[in-house]
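Read the sequence shown against this note's numbering and you will find it ends at 265, with the numbers running on by one and no gaps.
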Amino acid sequence: MIDEIKKKTIVGNWKMHTTAAAARDLAEGIVDGLIDEEGVSIILCPPYPYLAVVGEVLKETRIALGAQNMYPQMEGAFTGEVSPTMLLDVGCKYVILGHSERRHKLGESNEFINDKVKVALAAGLDVILCVGETLEQRKANQTEALLDRQLSLGLANVEPDTLSRISIAYEPVWAIGNPSHHATPQQAEEAHAVLRARFGRIFGKDAAKQISIQYGGSVVPGDAAALLSRPGIDGALIGGASLVVNDFLEIVRSAIAETEAQPA
Ligand code: 13P
């Protein structure tokens, strides 16, 4: 029955944190702490150097490995960059693209992110595309236009037969790493509805129904259930709380409960 309903997805984005030993401990703690993860999809995204270490721990489990970024070429003279083929080689199934920290701190454009999306999908990686407005954009009532733009440019010319390998993460920039200022379930639900409607206008109603849209921005165990119970919030992309075994596991348990609570 669980396969017939939409499972919630919980992604741990470890950002530029951990050491090899800490990454292994964190992954082992999560694997050991899970009892019944059938009702949830879990993806762990450690930093590049620890992908193999964490991949080793996740072998033979239902938890998938993801990367936080990639370069949109299969190989070549791109010093310091990592290709999708390397990510696949080391066991990744997913890649996060367009994270706001890359957009705002590293200057990634929608066009560059779109390149990455297409190359990742063509190489065989599943994509988590992040979108989200800044506080200034929200205050200026530009949220809807911004989400529209990031979504349509980020997914421009994507092959329709790859849509099932794409998910979206709504991450309002003002809510990231800022527990005192995170989005309310209502704000998150509204933004997800905007994204789903836009996705539907581009790819059709069925695809819009199927697409998984996760919320990210200071999700902590205490408010995970309130967020995940909202219609259209299909999961969560967790930063800080994904670095604490018990916090992450508590969020996963909320996701399992909310998956089970959905009407069949
Ligand atoms: P925090 O959960 O630390 O706010 O990070 C959210 C995020 O950016 C996940 O990608």
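Yeah, the Cβ is synthetic: ideal placement off N, Cα and C, and Gly gets one too.
Since we're looking at a predicted model, the values are computed, not measured.
- Message: Comparing C-alpha positions only, which one of I169, Q215 and A24 sits nearest to S1?
- Response: Lying outside 2 to 265, the shown extent of the chain, residue 1 is not represented and no answer is given.
- Message: Would C46 and A24 be called neighbours here (beta carbons separated by less than 8 Å)?
- Response: Not a contact, by the Cβ cut-off of 8 Å.
- Cβ of N247 within 7 Å of any heavy atom in the ligand 13P? no
- Query: Around the C-beta of F200, are 16 or more other C-beta atoms found within 10 angstroms, so that it is buried, or is it exposed?
  - Reply: buried
- Item | Per-residue DSSP class, three states only, for I234 | coil
- Query: Between which two residues does the beta strand (DSSP E) harbouring A267 extend?
  - Reply: No answer is possible for residue 267: the residues shown for the chain start at 2 and end at 265.
- Message: I'd like to check one pair, E172 with G205: are the Cβ atoms closer than 8 Å?
- Response: no
- Query: Unbroken alpha helix (DSSP H) runs of length 4 or more, entirely within the segment 183–226: which are they?
  - Reply: 186–204 and 206–211
- Message: Could you check whether the Cβ of H105 sits closer than 7 Å to any heavy atom belonging to the ligand 13P?
- Response: Result no, Cβ not under 7 Å from the ligand 13P.
- Message: Quick check: the segment 245–252 against the segment 100–111, are at least 3 beta-carbon pairs closer than 8 Å?
- Response: no
- Of the listed residues D26, M17, V58 and P232, nearest to V91 (C-alpha basis): Looking at the Cα atoms, V58 is the closest of the given residues.
- What number of angstroms, rounded off, separates the C-alpha of A124 from the C-alpha of G81? 20 Å
- Message: Looking at the ligand ATP, does it come within less than 7 Å of I177, judged from the CB to the closest heavy atom?
- Response: By its list of ligands, the structure shown excludes the ligand ATP, since it contains just the ligand 13P.
- Identify every run of the beta strand (DSSP E) within the segment 125–190, keeping only runs that are complete inside it and at least 3 residues long; order them along the chain. 127–132 and 167–171
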